[in-house]
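To start, the structure itself, in structure tokens.
2 protein chains.
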Amino acid sequence: MGKQGDWYLPEIRKDDGMTTQDYAYRRIFNAIMLGAIPPATSLTMRGLAAYLDLSPTPVREAIRRLSSDQAVEVLDNRRIRVPQMRIGRFRELIELRIVLECHAAVRALPHLADIAIADLAAVDARMDAALGMQDYDQLTHLNHEFHRRLYLSNPDQAIMPLIESVWLQLGPFQRQVLKGVQSYYLVDHHKTILSALRDRDADRLTVAIADDIRDGIGRSGAEALEGSQDLPPAG
Amino acid sequence: MGKQGDWYLPEIRKDDGMTTQDYAYRRIFNAIMLGAIPPATSLTMRGLAAYLDLSPTPVREAIRRLSSDQAVEVLDNRRIRVPQMRIGRFRELIELRIVLECHAAVRALPHLADIAIADLAAVDARMDAALGMQDYDQLTHLNHEFHRRLYLSNPDQAIMPLIESVWLQLGPFQRQVLKGVQSYYLVDHHKTILSALRDRDADRLTVAIADDIRDGIGRSGAEALEGSQDLPPAG
DNA sequence: TCATGGCAAATGATATATCGAACCGCCTTG
DNA sequence: CAAGGCGGTTCGATATATCATTTGCCATGA
Chain A
8 MGKQGDWYLP EIRKDDGMTT QDYAYRRIFN AIMLGAIPPA TSLTMRGLAA
58 YLDLSPTPVR EAIRRLSSDQ AVEVLDNRRI RVPQMRIGRF RELIELRIVL
108 ECHAAVRALP HLADIAIADL AAVDARMDAA LGMQDYDQLT HLNHEFHRRL
158 YLSNPDQAIM PLIESVWLQL GPFQRQVLKG VQSYYLVDHH KTILSALRDR
208 DADRLTVAIA DDIRDGIGRS GAEALEGSQD LPPAG
Chain B
8 MGKQGDWYLP EIRKDDGMTT QDYAYRRIFN AIMLGAIPPA TSLTMRGLAA
58 YLDLSPTPVR EAIRRLSSDQ AVEVLDNRRI RVPQMRIGRF RELIELRIVL
108 ECHAAVRALP HLADIAIADL AAVDARMDAA LGMQDYDQLT HLNHEFHRRL
158 YLSNPDQAIM PLIESVWLQL GPFQRQVLKG VQSYYLVDHH KTILSALRDR
208 DADRLTVAIA DDIRDGIGRS GAEALEGSQD LPPAG
């Protein structure tokens, strides 16, 4: 394997006014979220800096933020890596997603205007299109956007950063999951979520969110982890 | 007001092998957790660096981590501050604490050995002592340690960093809360928690945790926020 | 063949230098 | 006396320099 052949950082849209450090953060964030960096890959700040054509300083700051997000771990020997997944931690993360996202959805519900539900439906439609084109990175993006928009409808929310942290920790699975046979189930669950939203039915909403998570990444991830203590890389 | 008279950073035990950046992080983390930095105080990286007798670089990295923890916000004009609290966000944070910590406690329950419950009781006893001596910083520390130990009993837990983030965001209230008249209620709730743990009763545990949070910081904080949209500084 | 010692290169941590933007007082002007 | 403008000062962002560790690799020897 090449010295730096194990990972890549998908390009992102670079807003101006974006600081270099922020750019590095989002670039790496995005890569982890999409599963483009296999777990246990050893990263170096200077290597990332060279890849991004930056000095080590802003990359270091980005890595610090990501370590607070639990997206990477900084080992004692100062090595940086995306954590290896273990079955126990995986189950905890899935349960966390369910608890957090059900809570977030229910608390967003009173704030959700009809127009916002229509926007969500539009995102869902774009997911169908992305699925048709087998554009899995885009599918992952849109799935996150669907959930994010829903939860952010609550103007006082403080939960979204926590949810994103869990997403990040599950990031290495996203790719693998969406390529699995369960993909259409995920989309179906979104239809159920939309229906519950339109009826303002908190109970059905909770069930739909939980099912979405469990049948999506939950089921596929658990399958991938079956039998082995550690998760095989998503590649 | 003096140029730097509004805040101070309580000293902490400095392990060796601790990196300077980590030291800065923990020092500021601790200060926010104890409410030693009033909300809306304008901080500068150079000012913090001078106070800690460090170069700006490690302080900057610590601030980045804290911004990912939602403990500080970095404004567009590059000003750094502990966020102002608003009543809506406060309610969200309290509900978040309840959801997260009830979940964490229930999932810790099966892993909790009798000896660990005894340890928790010992921490609670130290809280009674700290209360007697009116050592509120210590009381806050011990309160966090009580909860932290409980939740960390689950070896696969991934929730603790999220809970700490919420604690941090509520940090500016801790001081104010523990000085309030509700202090003994808090301790009483810990006795109820311990009782539920001994009986391995998940339902009673959930109620006890929720009551602990609601009657502790929840009630006092809500009182402080009553009538005003913004929270007065804890000073 | 495989363990071991050691050296050169790479790395992380931190301090410092530099640069442009933001801020702060003060002074002018109406 | 109030509002606006000007210039020096401070600040954050980033690049670079420095230093102690760590890594990796290769030679040596069991």
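Chains as they are written, first to last, in this note's numbering: chain A, 8 to 242; chain B, 8 to 242. Each residue gets a CB set at the ideal place from its N, CA and C atoms; glycine is no exception.
Asked, Found
"A/HIS118 beta carbon less than 8 Å from that of A/ASN84", "no"
"Members of the region 93–126 of chain A near chain B, C-beta cut-off 8 Å", "ARG93, GLY95, ARG96, ARG98, GLU99, LEU100, GLU102, LEU103, VAL106, LEU107, HIS110, ARG114"
"Neighbourhood of B/ALA69 by C-beta distance below 7 Å, restricted to the same chain and skipping five residues each side", "GLN28, ALA31, TYR32, ILE35"
"CA-to-CA distance, A/ASP195 to A/LEU212, given in whole angstroms", "14 Å"
"For A/ASP60 and B/ALA111, the rounded distance between their alpha carbons", "42 Å"
"Sheet register partners of A/ARG53 (DSSP bridge)", "For A/ARG53, which the question treats as bridged, DSSP gives no partner whatsoever."
"Short CB-CB distance (under 8 Å) between B/SER49 and chain A", "no"
"Contacts that B/ASP163 makes with chain A (C-beta to C-beta distance below 8 Å)", "ARG93, GLY95, ARG96, ARG98, GLU99"
"Residue(s) in a DSSP beta bridge with B/ARG88", "B/SER49, B/GLU80"
"Three-pair Cβ contact test at 8 Å for the region 38–58 of chain A versus the region 92–104 of chain B", "no"
"B/ASP126 versus B/ARG133: straight-line alpha-carbon distance, rounded", "11 Å"
"Coarse secondary structure for B/THR199, derived from DSSP in three states", "helix"
"Chain-ordered chain B contacts of A/LEU169 [CB-CB under 7 Å]", "LEU169, SER172"
"Neighbour flag for A/ASP76 against chain B, beta carbons, 8 Å", "yes"
"Burial state of B/THR147 (16 or more Cβ within 10 Å)", "buried"
"Chain-ordered neighbours of B/ILE166 on chain A, where CB pairs are closer than 8 Å", "GLU99, LEU103"
"Residue closest to A/PRO65, alpha-carbon to alpha-carbon, out of A/ARG53, A/SER75, A/ASP76", "A/ARG53"
"Segment contact, 8 Å Cβ cut-off, at least three pairs: the region 162–174 of chain B with the region 162–172 of chain A", "yes"
"Residues that B/ARG256 contacts on chain A, provided the C-beta gap is smaller than 8 Å", "This structure cannot settle anything about residue 256 of chain B, because the visible part of chain B is limited to 8 through 242."
"Extent of the continuous alpha helix (DSSP H) to which A/LEU212 belongs", "209–220"
"B/HIS148: first and last residue of the uninterrupted alpha helix (DSSP H) it sits in", "143–159"
"CA nearest to the CA of A/VAL40, picked from A/GLY178, A/LEU73, A/ALA136", "In the sequence as displayed, the identity of residue 40 of chain A is Met instead of Val. Nearest option by C-alpha distance: A/GLY178."
"Same chain, Cβ closer than 7 Å to A/LEU157, neighbours up to 5 away in sequence not counted", "ALA112, ALA115, LEU127"
"Three-state secondary structure assigned by DSSP to B/GLY27", "Note that residue 27 of chain B is Thr in the sequence shown, not Gly. Three-state DSSP puts B/THR27 in a helix."
"Run of the alpha helix (DSSP H) containing A/SER62, from where it starts to where it stops", "A/SER62 -> no alpha helix (DSSP H), and no H or E assigned at all."
"Member of B/ALA231, B/PRO63, B/ASN37 whose CA lies at the smallest distance from the CA of B/GLU152", "B/ASN37"
"Outcome for B/ALA215 when other beta-carbon atoms lying within 10 angstroms are tallied against a minimum of 16", "buried"
"Minimum C-alpha distance to B/GLN181 - residue among B/GLN145, B/PRO63, B/ARG155, B/ASP206", "B/GLN145"
"Residues that B/GLU68 contacts on chain A, provided the C-beta gap is smaller than 7 Å", "ARG67, GLU68, ARG71"
"Cβ separation of B/ILE105 and B/ALA217, assumed to be a contact under 8 Å, to the nearest whole Å", "5 Å"
"Proximal residues of chain A, C-beta to C-beta of B/ALA176 below 7 Å", "For the record, residue 176 of chain B in the displayed sequence is Gln; it is not Ala. Within 7 Å Cβ-Cβ: ALA165."
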